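To start, the structure under review is shown below, and the notes come after it.
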Amino acid sequence: MEMKLYNTMTKKKEEFVPVEPGKVKMYVCGPTVYNFIHIGNARPMIVFDTVRRYMEHKGYEVNYVSNFTDVDDKIIAKAIEEGVSAREISERYIKECKKDMADMNVKPATTHPLATEEIDGMIEMISELIRKGYAYDVNGTVYFRTKKFKEYGKLSHKNLDDLRSGNRSLLVSGEDQKEDPLDFVLWKPKKEGEPFWVSPWSEGRPGWHIECSVMAKKYLGEEIDIHAGGEDLIFPHHENEIAQSECCNEKPFARYWLHNGFLNIDNKKMSKSLGNFFTVREIADKYDLQVLRFFMLSAHYRSPLNFSAELMEASKNGLERIINGVDHLKHLIGAAQEKEMTEEEKKHIEEMNGLAAKFDDAMDDDFNTADAVSAIFEIIKLANTTASSDSAKSYLQALKDKTAELSDILGLIVEKEEEMLDEEIEQMIEARQAARKARDFQKADEIRNALLAKGIILEDTREGVKWKRA
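The sequence shown stops at residue 474 when you use our numbering, and every number in between is there.
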């Protein structure tokens, strides 16, 4: 079965045909880093990481680019509030975001570009748009001329005349320097005390939309396969990216536009004012973040998803069912006999392969992770009803391996890490102390990190090294 993707641009499912055979160029809009990421940010991270994993499972070489917006009004506001530089804020929260991503088992992108490191490219693209007549400078602010791009609005399918008349009444004082209410900013002059870069128009900084156009072009090329993000980005962000990129590069920007649905909390929109705003870190206090990932995959990515305590509990139980099933198989494998599979076991293996094909069919149909998860459940059910201490080792191993393989495509870790014994921990701490004494700090750090990866936290105190399990 061919792979079909729902394309926001055409409003239908289309067969996936990459620009370059065997390769996938994918851009996903990343977070603005001024605080810990919230569970709304987590949804596209988990969803599109799963898309990437499935593409890799299908044999594609995926170049996956996801940016960090590290210059923005919110970052500047937070920096002023704390009395530190904007850079200090963005660096702090990029680090925290990467930790949350690792805890959700989101693979690092091929490239994680930072907006502030790509300013030269933005100035170049803006200059090119001015040269081609698609942009104009008013007192140091550069705007994009939306009327000149005839296809403006093709992604969001919005009625632009309605938007124009709606926006006309919204024109704030000082905004009337635009030729058209829908023109958007490519470059803006700095305000007092803000970070800025020198450009031909003013000392200032880029608009948000141009950042993604430039980073996608630099790391993926002028025409990419998949551009993805939350549905809240369709208009104006992605619409504006298309306008800038296609007018500058004179070719289609992205073949497929994928957008995940909104996340609601107890059937209400998530907002700080309602007090129903959760960071990923807050969820991590109550649940293993694998549970959050499982929850996000239990619905189709384009559907709105409702977050509640009951649904998280159900996800926890669902994930445990798979983990316990794998654990039981491991236990049986330990004592199983090496013998030929029975005819009945061979039939069950065929059944298992049929369920794995069902998993692929679900994922080929616009990444239907909910049906993919139920195929894994069916394999667990097959294992629970047919595996016993009497089964052939190869039969048990096949069931365990297939469950782990399919779960891994979804980014779910279902094999429990063996807990380290206290004496092993003590031995490693001694080795670390010896390394420190020998001033081999690199080795000491490696040992500390190895322990951290196993969930063991070291604390250097006056009384010596103390440790605890995370």
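Virtual Cβ for every residue (Gly too), placed ideally from N, Cα, C. Keep in mind the model is a prediction, meaning the values are calculated, not measured.
Who are the Cβ neighbours of residue i in its own chain at under 7 Å, not counting the five residues just before and after it?
i	result
K272	L278, N280
A391	L333, L336, L400, L403
S217	M129, E245, Q248, S249
L224	K29, Y31, N67, V69
G144	P193, W205, S206, G208
I413	R57, Y58, H61
D365	M5
N372	H304, A366
Indicate the three-state DSSP secondary structure (helix, strand or coil) for residue i in the structure shown.
i	result
T181	Going by the sequence as given, residue 181 is Gln instead of Thr. Three-state DSSP puts Q181 in coil, outside helix and strand.
E198	coil
I41	coil
N372	coil
L414	coil
W212	helix
F234	What sits at residue 234 in the sequence shown is Gly, not Phe. Reduced to three states, the DSSP call for G234 is strand.
E317	helix
F52	helix
L186	coil
Y31	strand
V218	helix
T497	Nothing can be reported for residue 497, as the shown portion of the chain is limited to 5 through 474.
K8	strand
K17	strand
R473	strand
Determine the closest residue to residue i out of the options, with distance taken between C-alpha atoms.
i	options	result
H61	R325, K221, A360	A360
I383	I287, S275, K404	K404
H335	G234, S393, M13	S393
F298	V51, Y399, D166	V51
G358	S395, N328, L410	L410
N321	V418, K221, G137, V66	V418
I327	E342, I353, K385, M345	K385
K4	T389, E348, R168, G63	Given a span of 5 to 474 for the chain in the structure shown, any question on residue 4 remains unanswerable.
I238	T346, K162, I134	K162
A387	I41, E92, E349, A376	E349
I433	Y138, K447, E226	K447
Can you tell me whether residue i is buried or exposed, with buried defined as 16 or more other CB within 10 angstroms of its CB?
i	result
R452	buried
Y10	buried
T14	exposed
R56	buried
R436	buried
F445	exposed
K82	buried
I84	exposed
With a threshold of 6 Å on Cβ separation, who are the neighbours of residue i within its own chain once the five nearest residues in sequence on each side are excluded?
i	result
E243	L159, S160
A119	T73, D74, V75, E215
L164	G157
F257	I246, S249, E250
E98	First, the amino acid is wrong: residue 98 is Ile here, not Glu. If we look at I98 and ignore the five residues flanking it on each side, its Cβ neighbours are V37, F72.
E132	C252
G34	S70, N71, F72
A232	V32, F52, L262
D368	M5, M7
I269	N280, F311
E342	K397
R306	G265
Short of 8 Å in beta carbon distance, which residues of its chain neighbour residue i, apart from the five on each side in sequence? Order them along the chain.
i	result
F188	Y147, F148, T150, G211, H213, P240, N244
H42	M274, F281, F282, T283, V284
L293	D104, D107, M108, N109, V284, I287
Which runs of the beta strand (DSSP E) at least 3 residues long sit entirely within the segment 244-306? Give them in chain order.
Counting only runs of 3 or more, we get 258-264, 267-269.
If you scan the segment 61-116 from start to end, which runs of the beta strand (DSSP E) of 3 or more residues do you find wholly inside it?
65-70
Which ranges does the alpha helix (DSSP H) cover as unbroken runs of at least 4 residues, wholly within the segment 328-384, from first to last along the chain?
347-368
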